[in-house]
Structures are given as C-alpha cells and as structure tokens.
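Peer 1: Numbering-wise (the working numbering), the sequence shown opens with residue -18 and increments by one. What follows is a single structure, and I will ask about it in a moment.
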Amino acid sequence: MSILDISALPKENSSMATIAVLPGDGIGPEVTAQAVKVLAVTAEVFGLQLQFDRALIGGQAIDETGESLPAETEALCKRSAAVLLGAVGGPKWDNPDAETRPEQGLLKLRFGLGLYANLRPVKPSRFLRSASVIKEEVLEGVDLIVVRELTGGLYFGQPSRIWQSDDHWQAVDTLSYTEGEINRILHKAFQIATSRKRKVTSVDKQNVLSTSRLWRRLATQMASSYSSVTLEHLLVDACSMHLVTKPSTFDVIVTENMFGDILTDEASVLAGSLGMLPSASLGEGGIGLYEPIHGSAPDIAGTDKANPIGTILSGAMLLRYTLQQEAAAQAVEKAVESVLERGYRTVDIRQPGTTLVGTAEMGDLVSAAVRASSGAAGK
Ligand code: NAD
C-alpha cells in the first residue's frame, strides 16, 4: 500500500522531475553534493529525468537575503516534485535574541508544505555492527521505523515566549494537539505497519500529559480499523530504555514531534553514527522533503570529514516515495552496503582494518557502485 498520495507524481521513466536542492549550512552543502551526485548517476542508469535546482535556506539565506526561508526558495519547493535538504544552523546565527533564526526557515518549510509525517528508518548495516557502542548481539535483527509527527506539538504551539516580570525571567511553550492531527499520523503509522512486521508501538507520556492521554485513546480506537496490526503503548521514558536494550522488538514507532526528535537521535547510536540515518517528510500535498537526521555539524564543516551516507540514503527514500522508483532506491541502498562491505569508512564510523575516505570520495564510491551494479544486471 502506498503511504503517499502519488497520483500527481511522475511514473516510471516519464517526464522530467524537478528536485529542489537546499544545501543549507555547515556540512549541508558537502553532504547534499554527494547525494545529488549519486542521484544523477542513478537517474542515468535507470533512465530517469531529474533536474536539480538549488536555493537558499537557513543561516546562509539570512546572510544573503535577511530571511531564513526566502520567498523564492519556498516557491521553488512548491513547484518541485521533492526537496533534498542538508541542514541548517550554526554558531554564527546562535544569538537567542535574533529575530530571524535558521531553524525557523526549516520549520516554516515543513509547515508550508504540510509535511506532518516524518519517517526515520533505522536498519543498521551488518558491516557496521562493531562500529556501534551497542553490543553486536543486541543489534541482530534491528529493522525499525520511527514515524514522528512533524507539524504540531511543542515546536509549533502558541504562546511560546520568554519575558521578564518584576525581578525574574519566565518562559512558556505550549503543547497542543487536535484529534485530526493525531489521527492522520496514526493512520500513516498503521498503514506502514501493514507492509512491514505489523506491529505499532505508540509512544506517549500519558501518566503526566493530557495530549498523551488523548493520543493513547485515539491510538487504541484506530487499532480496531487495522485488525492485522498489533498495537502496544509505551511511555517515552521506557521506550528510550528499550531502544538500546531490546531494539529488535520494535517495528513501527509512532510518536509526537519532540519525543520523536529525541528518540531518533538515540536510535542513531544503533546505526553506528548520526551521519548514517536518512529521513523523509511526507504529507497529503504530494511534495516530499528528504534530509539526513543530523544537523549542520559546524565542528567538522569544510573538512571533508562528514559522512554523506544519511543524505545519500535520503535520496534513496526520495526515489522510493516521491518518484516510485523502488528498483532505483534499492540500487542506492545496495551500493551503500557494498561500499561498506569493501571496508570504506568516513571517520565517524572508522574501525580497525578499514580504509578511511573523505566525504567526496564516499560519494564517488557509492556512485561507482550504483553504476557497477547496473552493469552486473546487464543494464
Ligand atoms: P549535529 O547533528 O550537527 O552534530 C552532532 C555531532 O554529530 C557533532 O559532533 C557532529 O560532528 C556529528 N555529526 C553530525 N552529522 C555528522 C555526519 N554526517 N558525519 C559525521 N559526523 C556528524 O548537532 P548539533 O551539534 O547539536 O547542532 C549543530 C547545528 O545544527 C545547530 O545549529 C543545530 O540547531 C543545527 N541542527 C539542524 C538540524 C536540521 O537542519 N535538521 C537538526 C539538528 C541540529
């Protein structure tokens, strides 16, 4: 079953699909360049017509236009089939009193495109098991996906502000969800589970939060419409523990915005590095946004040390969900596995006996592996 309404999107080998590329800040330009390189080779091999149009977002956009999401960028994204994004932010724009912050651009883009469902698959490569701090036997069989609500909750609720009253400072954020917002993300999670291991873990904090009590009630109601899927409820604190003690017991984890943000950074430990994990953000509008789960990593920006695999695998998700090119998506995923199997590593996943490569070389190796696999398949 499709998890995205793709009726308006290009079908097999049809007309040109425009991909808006928003490199952003820090390592964003380095990692998106590698994903574009791999997508371009994959398009050539599979006879797809892709056009890559670049635009500004985040800190770089603030510097050049004063806006974190210039109107031109938003317009490009809205007329594209998909958006490929690097990351935004960095110390240069960290002034908490600044009126415009890089992250606002990304939140506005997600909201403007109606991208309420953020999919974050975690399936550690078998060649990286020893790169994780988690014991290898715990990683055996891990194949889960976190479905994170992306346009509601604390990151969007109003009021949200800091103010001074009398002799002290105060601040408020608002956690608010409607029935409709919760039901549409639950639907997405249950739909995804039907084509996987048919288990949904709904994560909340119902012992403390009213929004979580509503979430749990709606999840229980929804389960009756998906009789083939098993539903379990888990408190977010227990879930954070189970993610590292028995991660192979999960299939689909569905949760609200902030819990999902935190749990997926934790889940990246299973994959060996934050640099390994991709994501897709989907809605009803047909445009998908694809980005690695990591940030702009200013500590390694410009040093050719960033791991581009999370962004390259985000490109594979773009091929799968927006362009409906399953074979091409799998070709990219297999190419990444083959490069890891042959022992090539960026510094974040380096192990004894492996060959250290930089960001650009990793992109070249994956591109070459896509091309080689097509030759092997006689294309
Ligand atoms: P981060 O994800 O940028 O980095 C955390 C650590 O992981 C750093 O040590 C970094 O070097 C490392 N790392 C991250 N990606 C890597 C990669 N591909 N290869 C190798 N190592 C990698 O998180 P942070 O340091 O907390 O935030 C830095 C900036 O990024 C902040 O301005 C933050 O607001 C922003 N940020 C943006 C996004 C986004 O654009 N979606 C997400 C998270 C953080």
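Just so you know, even glycine gets a beta-carbon here, dropped at the ideal spot from N, CA and C.
1) Once DSSP output is grouped into helix, strand and coil, what is the label at A261?
2) Leaving out five residues before and five after R101 in sequence, what residues of the same chain have Cβ atoms less than 7 Å from its Cβ?
3) CB L65 to CB I0, shorter than 8 Å?
4) Starting from L137 and walking both ways along the alpha helix (DSSP H), at which residues does that stretch end?
5) For L167, which option in V338, T201, R331, T226 has the closest C-alpha, if you only look at C-alpha atoms?
6) Go ahead and label G39 buried or exposed: buried means 16 or more other beta carbons lie within 10 angstroms of its beta carbon, across all protein chains shown.
7) Spatial neighbours of P289 within its chain, please: CB distance less than 6 Å, with the 5 preceding and 5 following residues excluded, ordered by chain position.
8) How far does the alpha helix (DSSP H) with G361 in it reach, from first residue to last?
9) Helix, strand or coil: which one does DSSP assign to R35?
10) How about E84: is its Cβ closer than 7 Å to a heavy atom in ligand 1?
11) Which residues in the same chain as E322 place their Cβ atom closer than 8 Å to its Cβ, once the five residues preceding and following it in sequence are excluded?
12) Just verifying my parser: in three-state terms, what is the DSSP assignment at Y302?
13) Apart from the five residues just before and just after K360, which ones in its own chain have a Cβ nearer than 7 Å to its Cβ?
14) Return the bridge partner residues of W150 from the DSSP annotation.
15) When you compare the CB positions of Y325 and V317, do they come within less than 8 Å of one another, or not?
16) Ignoring anything shorter than 3 residues or poking outside the stretch 86 to 115, list the beta strand (DSSP E) runs there in chain order.
17) Runs of 4 residues minimum, wholly inside the stretch 220 to 269: which ones carry the alpha helix (DSSP H) assignment?
18) The beta strand (DSSP E) that contains T182, what's its start and end?
19) Enumerate in chain order the residues of its own chain whose CB-to-CB distance from Q187 is below 8 Å, with the five nearest sequence positions on each side excluded.
20) With a 10 Å radius around its C-beta and 16 neighbouring C-beta atoms as the bar for buried, classify M203 as buried or exposed.
21) Where do the N-terminal and C-terminal ends of the beta strand (DSSP E) with E130 fall, by residue?
22) Does S348 come out as helix, strand or coil in the three-state DSSP assignment?
23) Quick check: is any heavy atom of ligand 1 less than 7 Å from the C-beta of A36?
24) Which runs of the beta strand (DSSP E), 3 residues or longer, sit entirely within the stretch 10 to 85?
25) Please name the residue in P228, I234, S355 whose C-alpha comes closest to that of L212.
26) Quick one: Cα of N238 to Cα of G356, how far?
27) Taking only three categories from DSSP, how would you classify H394?
Peer 2: Reading off the structure:
1) For the purposes of this step, residue 261 is taken as residue 280 along the sequence shown, with counting starting at 1. Three-state DSSP puts A261 in a strand.
2) Residue 101 sits at position 120 when you count from the first residue of the sequence shown. Around R101: I126, V127, R129, T245, L258, S260, I274.
3) Residue numbering aside, residue 65 sits at position 84 when the sequence shown is read from its first letter. Residue numbering aside, residue 0 sits at position 19 when the sequence shown is read from its first letter. Cβ distance < 8 Å, so L65 and I0 count as in contact.
4) Within the sequence shown, residue 137 is the residue found at index 156, counting from 1. Checking the sequence shown, residue 137 turns out to be Phe, not Leu. Where F137 is concerned, there is no enclosing alpha helix (DSSP H), given that its DSSP letter is neither H nor E.
5) Against the sequence shown, residue 167 aligns to sequence position 186. The shortest C-alpha separation from L167 is found at T201.
6) What you label residue 39 is simply residue 58 of the sequence shown in a count that begins at 1. By the neighbour-count rule (16 or more Cβ atoms within 10 Å), G39 is buried.
7) As a position in the sequence shown, residue 289 is number 308, starting the count at 1. Excluding sequence neighbours, P289 sits near V12, Q15, T340, M343, G344.
8) Given that the chain is displayed from residue -18 to residue 360, the structure contains no residue 361 and the question cannot be resolved.
9) Counting from one through the sequence shown, the residue named residue 35 turns up at place 54. In the three-state reduction of the DSSP assignment, R35 falls in the strand class.
10) In the sequence shown, the residue the question calls residue 84 occupies position 103. Yes, the beta carbon of E84 sits closer than 7 Å to at least one heavy atom of ligand 1.
11) Residue numbering aside, residue 322 sits at position 341 when the sequence shown is read from its first letter. Closer than 8 Å at Cβ, skipping near neighbours: F108.
12) In the sequence shown, counting from the first residue as 1, residue 302 sits at position 321. Residue state, collapsed to three classes: helix.
13) In the sequence shown, the residue the question calls residue 360 occupies position 379. Only weak support exists for where K360 lies, its pLDDT of 43 falling under 50; the value from the coordinates is given anyway. Closer than 7 Å at the Cβ level, and outside the excluded window around K360, lie V26.
14) As a first step, residue 150 is located in the sequence shown; it is residue number 169 there, counting from the start. W150 pairs with Q145.
15) Here the question's residue 325 lines up with position 344 in the sequence shown. Here the question's residue 317 lines up with position 336 in the sequence shown. No, these two residues do not count as a Cβ contact at 8 Å.
16) Taking only runs of at least 3 residues, the beta strand (DSSP E) segments lying wholly in the stretch 86 to 115 are 98 to 103.
17) 238 to 248
18) Here residue 182 refers to the residue found at position 201 when the sequence shown is read from its first residue. From DSSP, the beta strand (DSSP E) with T182 extends over 180 to 185.
19) On the sequence shown, residue 187 is found 206 positions in, with the first residue counted as 1. Counting only Cβ-Cβ distances below 8 Å, and skipping sequence neighbours, we find S193, R194, W196, R197, H214, L216.
20) In the sequence shown, residue 203 corresponds to position 222, counting from 1. When all chains shown are included, M203 counts as buried.
21) Taking the first residue of the sequence shown as 1, we reach residue 130 at position 149. 125 to 130 is the span of the beta strand (DSSP E), which, as asked, contains E130.
22) The residue you call residue 348 lines up with position 367 of the sequence shown. Of the three classes helix, strand and coil, the one that applies to S348 here is helix, per DSSP.
23) Position 55 of the sequence shown, counting from 1, holds the residue named residue 36. Result no, Cβ not under 7 Å from ligand 1.
24) 31 to 35, 63 to 68
25) For this step, residue 212 is matched to residue 231 along the sequence shown. Taking only the C-alpha atoms, the option nearest L212 is I234.
26) Here residue 238 corresponds to residue number 257 of the sequence shown, with the count starting at 1. Here residue 356 corresponds to residue number 375 of the sequence shown, with the count starting at 1. Taking the straight line from one Cα to the other gives about 43 Å.
27) Outside the shown range of the chain, which is -18 to 360, sits residue 394, and nothing can be said about it.
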